[in-house]
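Taking this note's numbering, the leading residue of the sequence shown gets 7, the next gets one more, and so forth. Inspection log for the structure reproduced underneath, given as structure tokens.
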Amino acid sequence: MTLLALLAERGAMSQRQLADMTHVNPTSMVKLVDSLEQRGWVVRNRNPDGRRSYALRLTELGDKALSSLRHNLDEGERILTQALSSRQRDRLRHQLRALLQGEGWMVIDSLAGHSGFLIAQAHRQVRDWASEALTPLGLDPTRLRRLVGTGREQPCSQVHLAHVVGVSPPAALSFVEELEKTGLVARLGETGDAELQQLLTRLIPW
């Protein structure tokens, strides 16, 4: 919906502009645009500012789809904030907009006033901050969550760890092997069954 709303309010834009404003990597943006084009919601035209690139434009069908999506967004907003007073809803939106000040997509009036959309974008921004801070340690938010789960439950079996972090045992085995390669996790014991081996976290070298 974000892409459709951007095109509706700002006119034709290149894929690069859309990617930069929505923080979507170029490869994923190509797939998103392909999907929208297949549905007939957008069309690609030669970009007058650069003959090697294309400008995306919202179609009449895309405009109708956007209207339907906005209706769904409004209903979701009503459900999300139904326990709040009008004053509380205004305060929530104000605080979220303050947190996200300067974000390019905040110029989209039809989205910037919805708490649900703002919450999703705040989550993305905080995750980006966390990813940047964790990169020097060879971690990302997902790996950190798994490492914390291991540290809290240690020593424990991989089957138990899978339950704690909400993944299947084979998936737990895979990420434990990844963490083990970084030197942050050690598998202890010789049970003959990798899924039942005990785990112990090692301290991260600061």
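C-beta: ideal position from N, C-alpha, C; glycine also.
The C-beta distance from L13 to R52 rounds to 16 Å, too long to meet the 8 Å contact threshold.
Straight-line spacing of the CA atoms in T156 and R99 works out to 36 Å. Selection Q160, D40, E83 evaluated against V191 yields Q160 as nearest (Cα-Cα).
By the criterion of a C-beta distance shorter than 7 Å, G82 is surrounded in its chain by G122, once the five residues flanking it on both sides are discounted. Closest by C-alpha distance to S73, out of E184, M7, L105, is M7. Within the same chain, and ignoring the five residues on either side of E43 in sequence, the residues whose Cβ sits closer than 8 Å to its Cβ are V49, R50. S121 is not bridged by DSSP to any residue.
Counting along the chain, A168 sits inside the alpha helix (DSSP H) bounded by residues 164 to 171. Secondary structure remark: continuous alpha helix (DSSP H) runs of at least 4 residues inside the segment 60 to 140, in chain order: 66 to 86, 92 to 105, 115 to 118, 121 to 140. At a Cβ-Cβ threshold of 9 Å, L117 and A11 count as neighbours. As far as DSSP is concerned, N31 takes part in no beta bridge.
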